[in-house]
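Chemist: Just passing along the structure, written as structure tokens.
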Amino acid sequence: MAIYFLILLILLFFIHYKNEKRIFYFASVLLFLVFAFKNVNLGADTSSYFTHFKELINGENHYKTEPIWGLLAHLNLFFGGYYKSFQIILFACTLPPVVYVIRKDSKNYVLSLFFYYAFFYYLNAFCIVRQAMALSYLLVCFHFIKTKKLVPATIFLIIAILCHNLAILGIVAFIFYFKRFSLKTIVIVLGLAFIAGLFVNEHFLFLVPSRYQNLFLWEGHGFREKLMPYILIIMAMNIVFIICLLRGSKTSLKSFWAQTVFAGLVIMNGSLNLVQGLRISQFFMITQIIFYANYTEEKEDKQNLYKWGLIAYSSIYFVGLLYRDSIGVVPYIPANWIQNLF
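Here you go:
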């Protein structure tokens with residue numbers, strides 16, 4: 074785990090430089106290199122992706138509705154056809170869109186990059202690579218919705234969907250082009266979604282098309298066996314968000330990014346009984362990296378208190394997920410050629 078904590082500390086140190094572009098790009102390159110030099114076996118889903126990668130090269134396609142995956146696999150043939158170079162190409166397509174949106178929309182570049190790492194979106198790219206790539210392009214889509222450019226927003230939504238079909242959830246964000254919800258509405262909807270999530274179980278599967286019901290009955294990926302820890306975690310995430318809205322500026326409350334985090338929490342609350350609930354909510358929760366960074370800059374009083382409070386909150390979240398290691402990234406294993414150097 075040491076290297077992951079070291080990166081967290083480096084990013085924490087860089088926060089002091091705020092919007093220093095050279096520091097921001099240096100930190101971004103650091104994250105890219107750590108990914109590029111990781112062992113191809115790092116990540117719980119890597120073995121299945123490696124199998125599918127070889128099948129794609131041989132003409133077998135498991136991702137007919139997600140053609141970007143296959144396109145990149147064939148593009149990789151120009152680089153020798155190795156999975157090692159394939160994962161580098163994937164991350165080269167994943168990190169730059171995030172960097173772009175941070176530069177365009179964050180009021181504290183380095184803090185947003187810190188949150189991208191601390192809220193585990195970076196490490197998730199070691200495992201759920203298709204979704205990680207989709208999240209990046211969905212983030213660009215959100216940027217264009219915010220800036221009221223619907224044509225490029227639609228284009229990037231389509232790109233995200235072609236990376237991972239569940240990115241179609243991002244269409245909800247177009248609501249915020251026309252409508253921003255009040256604090257009262259946000260609190261009520263979050264509360265109702267949380268209560269509803271407590272009662273969602275297999276008895277509600279009749280509402281789901283039969284072809285998708287097995288996804289909710291898949292052992293280890295369906296309904297949670299131990300619910301209480303997740304109730305507490307999700308409750309804490311709701312409380313932090315609501316406190317920030319209550320104690321923040323009007324700019325923060327009415328911001329586009331507050332609305333998208335709200336959408337993510339609604340999904341998270343309503344699906345808290347589902348193992349995949351947290352993962353699905355990421356399609357909106359990734360906007361935390363912009364919202365919380367901007368929030369600390371827009372805060373009219375006690376700015377440092379809330380800034381370091383959010384840093385501590387995200388760091389605790391990071392440590393908890395890293396310790397649990399459900400995505401198989403501990404310990405960090407470097408590429409074989411790096412190991413051979415020593």
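Be aware that the sequence shown starts at 74, since it is given in our numbering, and climbs by one per residue.
The beta carbon of each residue, even a glycine, is placed where N, CA and C say it ideally should be.
1) Using the Cα positions of Leu338 and Lys257, report the straight-line distance between them to the nearest angstrom.
2) Would you tell me roughly how many angstroms separate the C-alpha atoms of Gly116 and Asp398, rounded to the nearest one?
3) As an exercise, report each continuous alpha helix (DSSP H) stretch of at least 4 residues that is fully enclosed by the stretch 206–292, in chain order.
4) Using only alpha-carbon positions, find the residue among Gly270, Ser185, Ala233 that is nearest to Gln361.
5) Taking DSSP as the reference, what is the three-state secondary structure of Lys111?
6) Roughly how many whole angstroms lie between the Cα atoms of Phe329 and Ala226?
7) So, Tyr190 versus Leu351, is the Cβ gap smaller than 9 Å?
8) Below 8 Å on the Cβ atoms is my contact criterion, and I expect Tyr77 with Tyr405 to pass it. Report the Cβ-Cβ distance as a whole number of Å.
9) Note down, in chain order, each residue of its chain lying with its Cβ closer than 7 Å to the Cβ of Leu163, except the 5 sequence neighbours on either side.
10) If you drop the 5 nearest sequence neighbours on each side, which residues of the same chain put their C-beta closer than 7 Å to that of Asn149?
11) What runs of the alpha helix (DSSP H), each 4 residues or longer, lie entirely inside the stretch 295–344?
12) By DSSP, does Pro140 sit in helix, in strand, or in coil?
13) Short of 6 Å in beta carbon distance, which residues of its chain neighbour Leu230, apart from the five on each side in sequence? Order them along the chain.
14) For my contact list, Ile307 and Met341 are in at a C-beta cut-off of 8 Å; report their separation, rounded to the angstrom.
15) Can you tell me whether Tyr182 is buried or exposed? The criterion is at least 16 other CB atoms within 10 Å of its CB, across all chains shown.
16) Output the distance between the C-alpha atoms of Ile218 and Phe251, rounded to the nearest integer angstrom.
17) Give the C-beta separation of Phe72 and Leu347 to the nearest angstrom, bearing in mind that I take them to be a contact with Cβ-Cβ under 8 Å.
18) With a CB to CB cut of under 7 Å and the five nearest residues on each side skipped, what residues in its chain are close to Ala331?
19) In chain order, what residues of the same chain lie with their CB nearer than 7 Å to the CB of Phe152, ignoring the 5 residues before and after it?
20) Would you check if the distance between the CB atom of Pro170 and the CB atom of Leu212 is smaller than 9 Å?
21) Can you tell me the Cα-Cα spacing of Cys166 and Asn197, whole angstroms?
22) Tell me the DSSP secondary structure of Pro404 in three-state form.
23) In whole angstroms, what separates the C-alpha of Asn134 from that of Cys236?
Modeler: Put simply:
1) Residue numbering aside, residue 338 sits at position 265 when the sequence shown is read from its first letter. Residue numbering aside, residue 257 sits at position 184 when the sequence shown is read from its first letter. Whole-angstrom Cα-Cα distance: 15 Å.
2) Here residue 116 is taken as the residue at index 43 of the sequence shown, counted from 1. Here residue 398 is taken as the residue at index 325 of the sequence shown, counted from 1. Taking the straight line from one Cα to the other gives about 10 Å.
3) Every alpha helix (DSSP H) stretch that sits fully inside the stretch 206–292 and reaches 4 residues is listed by chain position as 223–236, 248–251, 256–272, 283–290.
4) For the purposes of this step, residue 361 is taken as residue 288 along the sequence shown, with counting starting at 1. Looking from the CA of Gln361, the closest CA among Gly270, Ser185, Ala233 belongs to Ser185.
5) By 1-based counting over the sequence shown, the position of residue 111 is 38. DSSP places Lys111 in strand when its eight states are reduced to three.
6) Sequence index remark: in the sequence shown, residue 329 carries index 256 (1-based). Sequence index remark: in the sequence shown, residue 226 carries index 153 (1-based). Between the alpha carbons of Phe329 and Ala226 lies a distance of about 14 Å.
7) Taking the sequence shown and counting its residues from 1, the one referred to as residue 190 is at position 117. Taking the sequence shown and counting its residues from 1, the one referred to as residue 351 is at position 278. Cβ distance not < 9 Å, so Tyr190 and Leu351 don't count as in contact.
8) The residue you call residue 77 lines up with position 4 of the sequence shown. The residue you call residue 405 lines up with position 332 of the sequence shown. Yes, they are in contact, since the Cβ atoms of Tyr77 and Tyr405 sit about 7 Å apart, within 8 Å.
9) Translated into positions along the sequence shown, residue 163 becomes position 90. If you ignore the 5 residues before and after Leu163, its C-beta comes within less than 7 Å of the C-beta of Leu145, Val202, Met206, all in its own chain and listed in chain order.
10) Walking along the sequence shown from the start, residue 149 turns up at place 76. Counting only Cβ-Cβ distances below 7 Å, and skipping sequence neighbours, we find Ser158, Phe159, Ile162.
11) Counting only runs of 4 or more, we get 301–320, 323–326, 329–343.
12) On the sequence shown, residue 140 is found 67 positions in, with the first residue counted as 1. In the three-state scheme derived from DSSP, where H, G and I count as helix and E and B as strand, Pro140 is classed as helix.
13) By 1-based counting over the sequence shown, the position of residue 230 is 157. For Leu230, where only same-chain residues beyond five positions count, the Cβ hits under 6 Å are Cys214, Gly243.
14) In the sequence shown, counting from the first residue as 1, residue 307 sits at position 234. In the sequence shown, counting from the first residue as 1, residue 341 sits at position 268. Your pair Ile307 and Met341 checks out as a contact, with CB atoms roughly 6 Å apart and the cut at 8 Å.
15) Translated into positions along the sequence shown, residue 182 becomes position 109. That one is buried.
16) As a working mapping, residue 218 is identified with position 145 in the sequence shown. As a working mapping, residue 251 is identified with position 178 in the sequence shown. Rounded to whole angstroms, Ile218 to Phe251 spans 10 Å at the Cα level.
17) Nothing about residue 72 can be reported from this structure: the residues present for the chain run from 74 to 415 only.
18) Start at 1 with the first residue of the sequence shown, and residue 331 comes out as number 258. In the same chain as Ala331, and ignoring 5 residues on each side of it, the C-beta atoms closer than 7 Å to its own belong to Leu318, Ser325, Phe364, in chain order.
19) Along the sequence shown, one-based indexing puts residue 152 at 79. Only Ser158 meet the Cβ criterion.
20) Against the sequence shown, residue 170 aligns to sequence position 97. Against the sequence shown, residue 212 aligns to sequence position 139. For Pro170 and Leu212, yes; Cβs fall inside 9 Å.
21) Taking the first residue of the sequence shown as 1, we reach residue 166 at position 93. Taking the first residue of the sequence shown as 1, we reach residue 197 at position 124. Their Cα atoms are separated by approximately 15 Å.
22) As a working note, residue 404 is residue 331 in the sequence shown. In this structure, Pro404 counts as coil in the three-state DSSP scheme.
23) Walking along the sequence shown from the start, residue 134 turns up at place 61. Walking along the sequence shown from the start, residue 236 turns up at place 163. Cα to Cα, the separation comes out at about 14 Å.
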